[in-house]
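26 is the number of the first residue of the sequence shown in the working numbering; add one for each residue after it.
The beta carbon of each residue, even a glycine, is placed where N, CA and C say it ideally should be.
Worksheet: one structure, shown below.
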Amino acid sequence: MNIRTFPGTAALSAILTLTTVAAPADAAGLLKPVNSSLPELSIREHHVNVVLEHSYAVTTVEQVFHNPSPQALEAIYSFPVPDHAAVGEFTYWIDGQPVTGEVIKKQQARTIYEQEKQAGHEAALVEQDSYKTFDISVTPVQANSDVRIKLVYIQPAHLDSGVGRYVYPLEDGGVDTQKNAFWNRNEVVDEKFSFNMRLASGYPIDSIRLPQHSQAAIQQIAPNQWQVSMASQVGALPQTVLSSAPSADQPPEAAQPLPAEQISTAGIVPAASLDQDIVVYWRHSQNLPGTLDLISYKQSDTTPGTFMMTLTPGDDLGVLQGGRDWVFVLDVSGSMQGKYSTLVEGVRQGLAKLQPDDRFKVVLFNNAATDFSGGFKPATAEVITPLLNQLEQYQPGSGTDLYSGLAQGLKGLNTDRSTAMILVTDGVANLGVTERKRFLELLEKADVRLFTFVMGNSANRPLLNSMTEVSNGFAISVSNADDIVGQLMLATSKMTHQAMRDVELKIDGGRVTDLTPEQINSLYRGEQLTVLGHYRQPGPVQISLTGKVGGQQRHYTTEIILPGESLLHPELERIWAFATLENMQAKMDYLEEDDSNNEDTKQAMTDLAIQYDLVTDYTSMLIVRDEVFKQLNIERNNQQRVANENNARQQRLQQPVTSQRADSQKPMFNQSHHRASLGGGGSGAIGHWILLLIGALLLIQYRNRRRTS
Numbered sequence: 026m027n028i029r030t031f032p033g034t035a036a037l038s039a040i041l042t043l044t045t046v047a048a049p050a051d052a053a054g055l056l057k058p059v060n061s062s063l064p065e066l067s068i069r070e071h072h073v074n075v076v077l078e079h080s081y082a083v084t085t086v087e088q089v090f091h092n093p094s095p096q097a098l099e100a101i102y103s104f105p106v107p108d109h110a111a112v113g114e115f116t117y118w119i120d121g122q123p124v125t126g127e128v129i130k131k132q133q134a135r136t137i138y139e140q141e142k143q144a145g146h147e148a149a150l151v152e153q154d155s156y157k158t159f160d161i162s163v164t165p166v167q168a169n170s171d172v173r174i175k176l177v178y179i180q181p182a183h184l185d186s187g188v189g190r191y192v193y194p195l196e197d198g199g200v201d202t203q204k205n206a207f208w209n210r211n212e213v214v215d216e217k218f219s220f221n222m223r224l225a226s227g228y229p230i231d232s233i234r235l236p237q238h239s240q241a242a243i244q245q246i247a248p249n250q251w252q253v254s255m256a257s258q259v260g261a262l263p264q265t266v267l268s269s270a271p272s273a274d275q276p277p278e279a280a281q282p283l284p285a286e287q288i289s290t291a292g293i294v295p296a297a298s299l300d301q302d303i304v305v306y307w308r309h310s311q312n313l314p315g316t317l318d319l320i321s322y323k324q325s326d327t328t329p330g331t332f333m334m335t336l337t338p339g340d341d342l343g344v345l346q347g348g349r350d351w352v353f354v355l356d357v358s359g360s361m362q363g364k365y366s367t368l369v370e371g372v373r374q375g376l377a378k379l380q381p382d383d384r385f386k387v388v389l390f391n392n393a394a395t396d397f398s399g400g401f402k403p404a405t406a407e408v409i410t411p412l413l414n415q416l417e418q419y420q421p422g423s424g425t426d427l428y429s430g431l432a433q434g435l436k437g438l439n440t441d442r443s444t445a446m447i448l449v450t451d452g453v454a455n456l457g458v459t460e461r462k463r464f465l466e467l468l469e470k471a472d473v474r475l476f477t478f479v480m481g482n483s484a485n486r487p488l489l490n491s492m493t494e495v496s497n498g499f500a501i502s503v504s505n506a507d508d509i510v511g512q513l514m515l516a517t518s519k520m521t522h523q524a525m526r527d528v529e530l531k532i533d534g535g536r537v538t539d540l541t542p543e544q545i546n547s548l549y550r551g552e553q554l555t556v557l558g559h560y561r562q563p564g565p566v567q568i569s570l571t572g573k574v575g576g577q578q579r580h581y582t583t584e585i586i587l588p589g590e591s592l593l594h595p596e597l598e599r600i601w602a603f604a605t606l607e608n609m610q611a612k613m614d615y616l617e618e619d620d621s622n623n624e625d626t627k628q629a630m631t632d633l634a635i636q637y638d639l640v641t642d643y644t645s646m647l648i649v650r651d652e653v654f655k656q657l658n659i660e661r662n663n664q665q666r667v668a669n670e671n672n673a674r675q676q677r678l679q680q681p682v683t684s685q686r687a688d689s690q691k692p693m694f695n696q697s698h699h700r701a702s703l704g705g706g707g708s709g710a711i712g713h714w715i716l717l718l719i720g721a722l723l724l725i726q727y728r729n730r731r732r733t734s
């Protein structure tokens with residue numbers, strides 16, 4: 026069977042290529058002090074391997090650094106922190122042998138690293154710079170020689186309205202001004218670059234696409250398994266890339282090679298620069314039922330188990346009726362310069378979806394807030410068009426007073442009308458009020474739903490996520506390499522449909538504890554609910570989900586089985602621990618800075634991160650020689666955990682992909698309501714008309730930008 030892409034992909038990709046936002050100046054790469062006279066280290070190789078199975082992804086990054094200098098140097102590599110990602114493995118090759126890192130307290134790890142560095146001994150360190158970056162330090166890179174490292178991180182998969190999204194983040198975002206003032210970056214891969222992703226799903230996939238990497242090779246390698254690959258190698262000819270996948274009853278070797286005239290470009294990237302995110306979308310087949318899926322890890326009957334339960338409701342949330350008010354609060358600070366045209370296009374698409382009886386207003390903020398629209402306006406073309414023309418001419422600059430922007434947006438609300446606030450920002454508040462609790466208090470007092478578009482990889486996601494949770498809204502991350510139109514369509518379907526409020530999940534049986542998230546609040550159209558927890562007693566358990574839709578109470582129930590032994594998903598322990606740490610951090614941020622409970626919480630978080638071998642704001646992953654680990658009495662717990670995870674991964678690779686549905690015997694959701702999907706497949710006159718309209722808008726934007734430049 027031939028691979029299928031989203032309707033209109035070829036034409037739309039061509040237009041998107043013309044209108045791609047200029048990449049930020051800062052990207053993942055090797056750092057060197059701005060005023061340093063030392064030669065620049067280089068990245069010889071950068072290889073990414075992603076295994077995304079069912080509910081989570083494991084990303085492995087291997088790199089080779091080279092020192093062209095006649096003296097030994099330190100390599101410092103920095104790249105953005107992926108959303109909800111937990112570093113589980115860091116390996117450094119010493120004397121040709123891989124050594125796995127161990128997690129200890131952050132300051133202790135830095136002290137040991139500096140001591141080993143001063144002594145000229147091999148050492149490496151992974152630190153997290155809050156929500157911004159992972160920073161990897163390696164010493165020494167010997168004169169005219171290479172070093173090899175490997176980093177592995179784990180994160181939950183993201184699926185919304187039947188569309189999955191994975192981001193390999195490379196764009197730094199350019200919001201850390203102090204760091205950018207001090208460091209230069211080398212982001213070019215000199216010799217070899219590769220990106221390979223294995224996508225395994227228990228449900229049929231009908232299309233895969235990479236919005237900004239149309240040269241990627243995509244093929245089906247087995248039933249319910251797909252492969253995405255790109256590579257570049259200086260001076261090398263590309264290998265044959267398969268263009269079509271075999272049908273379900275054919276072996277993988279039945280796939281046909283590309284014609285000779287196409288072999289030179291398929292799956293080959295012309296140059297490797299680590300300055301653009303790699304975004305992969307996949308879409309499940311339509312008309313799938315609502316389901317409850319379950320994966321677990323339990324070593325034996327006597328040890329506690331860890332589970333990840335994913336609830337995908339059917340689409341029984343109706344369209345909202347009546348006029349509403351929409352407040353667009355837009356970040357126009359200096360850090361948004363590389364993202365501004367993306368922002369304007371998003372606003373254009375959002376305004377186009379409003380109904381005639383809706384009202385809107387636009388607030389801009391940088392070092393101060395401005396009511397750009399002059400209060401609420403009717404959502405008509407006669408009002409929207411000239412305002413958008415003015416907005417396109419605006420030049421971003423200055424600092425970011427996010428609090429003032431939100432406060433201005435909340436002025437003049439009509440309590441008789443339902444109000445939604447759309448915040449588009451990179452979320453770095455550096456002027457005015459910056460304390461997180463002040464932001465949360467502001468939104469708690471307002472009767473408004475906050476929907477946040479998080480621009481870039483260095484956005485203050487902890488702050489933005491907390492604000493959306495307080496207001497019962499939602500946040501969507503947006504990359505410059507994203508399908509911006511698709512993201513807007515996802516958001517619009519949520520804002521124009523009913524939501525389930527006051528959601529409560531109950532699990533009866535299994536001696537279930539340590540659930541995360543502890544509180545759910547709301548579920549929007551197309552959203553999945555993922556819950557992690559521990560259980561002590563295997564066997565049947567009762568699951569109950571309740572919530573309000575409008576004035577009506579909804580109630581869904583089923584029975585599932587928690588297994589007595591389950592060995593294929595040991596990564597779940599780290600995923601649960603990291604989600605728990607994020608919740609603990611959010612609670613702590615809500616308290617005052619001088620609250621004495623914060624110190625107790627920090628200690629609890631440190632202990633949990635060390636127990637599950639996770640890099641956090643309070644812990645780091647250190648690599649030294651084995652004899653140094655022994656001298657320092659640092660146990661090799663993570664080494665054993667990594668070996669266990671790698672063994673389980675290999676076992677999963679050798680098994681066929683099957684559905685993880687746990688409610689087949691007693692479906693939890695009404696089977697007449699299929700899952701929410703995006704765009705109804707995009708076929709028919711309406712689907713083509715929308716694509717043509719989007720293409721025209723993007724082409725106009727491109728021409729306007731050309732005239733401006």
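Alpha carbon to alpha carbon, how far is residue j from residue i? Give it in angstroms, no decimals.
i	j	result
Leu-427	Val-458	8 Å
Arg-373	Glu-469	29 Å
Ala-36	Ser-232	Caution applies to Ala-36, whose pLDDT of 25 falls short of 50 and renders its modelled position unreliable; the value that the coordinates give is listed next. Going from the Cα of Ala-36 to the Cα of Ser-232 covers about 16 Å.
Leu-606	Leu-355	31 Å
Gly-339	Phe-694	6 Å
Lys-655	Pro-487	37 Å
Pro-64	Met-609	43 Å
Gly-706	Arg-526	Because the pLDDT at Gly-706 is just 36, under 50, the model does not fix this residue reliably, and the value given afterwards should be weighed accordingly. C-alpha separation (whole angstroms): 28 Å.
Ser-518	Asp-341	13 Å
Val-449	Asn-392	16 Å
Gln-675	Ser-186	31 Å
Asp-396	Ser-429	11 Å
Asp-350	Lys-57	49 Å
Ile-243	Leu-299	21 Å
Gln-258	Phe-218	7 Å
Arg-210	Ala-52	7 Å
Pro-95	Leu-548	59 Å
Val-640	Leu-195	19 Å
Pro-411	Lys-462	38 Å
Looking only at its own chain, which residues have a Cβ that is under 6 Å from the Cβ of residue i, when we skip the five neighbours before and after it?
i	result
Val-682	Ala-225, Asn-249 and Gln-250
Pro-565	Glu-584 and Ile-586
Leu-435	Ala-471
Ser-67	His-91 and Asp-215
Asn-490	Ala-500
So, for residue i: in the same chain, excluding its five sequence neighbours on each side, which residues have a beta-carbon less than 8 Å away from its beta-carbon?
i	result
Arg-650	Ile-119, Val-124, His-146 and Glu-147
Thr-521	Val-344, Leu-345 and Lys-378
Glu-141	Glu-147, Ala-148, Thr-164, Val-649 and Val-653
Beta-carbon of residue i versus every beta-carbon of chain B: anything under 8 Å?
i	result
Glu-99	No chain B appears in this structure, which consists of one protein chain only.
Would you grab the beta carbon distance between residue i and residue j for me? Rounded to a whole angstrom, and I think it's under 8 Å.
i	j	result
His-109	Pro-229	Not quite, the Cβ-Cβ distance comes to about 26 Å (not below 8 Å), so this is no contact.
Nearest by alpha-carbon distance to residue i: which of the options is it?
i	options	result
Gly-348	Met-446, Met-361, Asp-382 and Lys-323	Asp-382
Val-667	Val-177, Met-222 and Ser-645	Val-177
Gly-359	Ala-629, Phe-390, Phe-115 and Ala-377	Phe-390
Val-166	Gln-180, Glu-152, Leu-55 and Leu-195	Leu-55
Asp-171	Gln-88, Met-255 and Tyr-637	Gln-88
Asn-669	Pro-595, Tyr-138, Leu-313 and Asp-632	Pro-595
Asp-539	Phe-385, Leu-633, Val-86 and Thr-327	Leu-633
Return helix, strand or coil for residue i, following the three-state DSSP convention.
i	result
Asp-430	Here residue 430 turns out to be Gly, not Asp, going by the sequence shown. Looking at Gly-430 - three-state DSSP - the assignment turns out to be helix.
Gln-656	helix
Lys-386	strand
Ser-518	helix
Ile-635	helix
Tyr-365	helix
Ile-545	coil
Val-495	helix
Gly-457	coil
Glu-624	helix
Thr-605	helix
Taking 7 Å as the limit between beta carbons, can you name the residues of its chain near residue i, skipping five residues before and five after?
i	result
Gln-132	none
Glu-78	Ala-225 and Arg-677
Pro-181	Ser-80, Tyr-81, His-109, Thr-555 and Ile-600
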